[in-house]
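Report on the structure given below.
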Amino acid sequence: MAIAERSRPSAEASGLDDAQSAPTSQAGVHTPAEELADDLRTRAFHLMDEHPIAAAHLVLAAASIAPECAAEKEVADEFSFVIADFMQQLKILHHRAVTKRAITTGAARHGA
Numbered sequence: 001m002a003i004a005e006r007s008r009p010s011a012e013a014s015g016l017d018d019a020q021s022a023p024t025s026q027a028g029v030h031t032p033a034e035e036l037a038d039d040l041r042t043r044a045f046h047l048m049d050e051h052p053i054a055a056a057h058l059v060l061a062a063a064s065i066a067p068e069c070a071a072e073k074e075v076a077d078e079f080s081f082v083i084a085d086f087m088q089q090l091k092i093l094h095h096r097a098v099t100k101r102a103i104t105t106g107a108a109r110h111g112a
């Protein structure tokens with residue numbers, strides 16, 4: 001059921017929120033965070049040959065969400081500092097796109 005929910009864009013965003021607040025796993029039961037991280041690792045595996053940079057980002061995201069070992073957590077923590085500036089630039093671009101879309105949509109609705 002979690003996989004089907006993640007295929008929808010609105011559920012994907014809320015799945016990340018749920019994954020970040022999920023408790024740790026117990027006796028083989030996967031939390032939403034672990035399921036999301038596993039899905040990202042699988043997608044990275046399939047992307048590696050054609051898009052290694054995209055695959056690396058997915059692996060980093062998986063390690064940040066639910067690291068499988070101490071070494072993976074250490075790598076995720078180290079790269080989180082490196083990628084912070086990139087994330088800030090993406091947030092700025094996203095905000096601009098959202099604002100532009102709101103202005104465009106609003107202008108079309110009001111006939112301006």
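Residues in the sequence shown are numbered from 1 upward in steps of one, following this note's numbering.
Even for Gly, the Cβ is constructed at its ideal location relative to N, Cα and C.
Alpha-carbon to alpha-carbon, residue j and residue i
| i | j | result |
| --- | --- | --- |
| residue 96 | residue 83 | 20 Å |
| residue 62 | residue 49 | 19 Å |
| residue 92 | residue 71 | 32 Å |
| residue 102 | residue 94 | 12 Å |
| residue 112 | residue 104 | Interpretation of residue 112 is limited by its pLDDT of 48, a score under 50 that renders its predicted location unreliable; no figure is taken from the coordinates. |
| residue 44 | residue 52 | 8 Å |
| residue 98 | residue 73 | 33 Å |
| residue 39 | residue 30 | 12 Å |
| residue 78 | residue 64 | 10 Å |
| residue 75 | residue 100 | 36 Å |
| residue 86 | residue 67 | 22 Å |
| residue 115 | residue 41 | Nothing can be reported for residue 115: it is not among the residues displayed for the chain, which extend from 1 to 112. |
| residue 54 | residue 89 | 17 Å |
| residue 80 | residue 106 | 37 Å |
Could you check whether the region 30–38 touches the region 50–59, counting it as contact only if at least three pairs of C-beta atoms, one from each stretch, sit closer than 8 Å? Counting C-beta pairs closer than 8 Å gives fewer than three between the region 30–38 and the region 50–59, which falls short of the contact rule.
Please list the segments of the alpha helix (DSSP H) lying wholly inside the region 23–92, counting only runs of 4 or more residues, in order along the chain. Within the region 23–92, the runs of alpha helix (DSSP H) that reach at least 4 residues and sit entirely inside it are, in chain order, 32–47 and 52–65.
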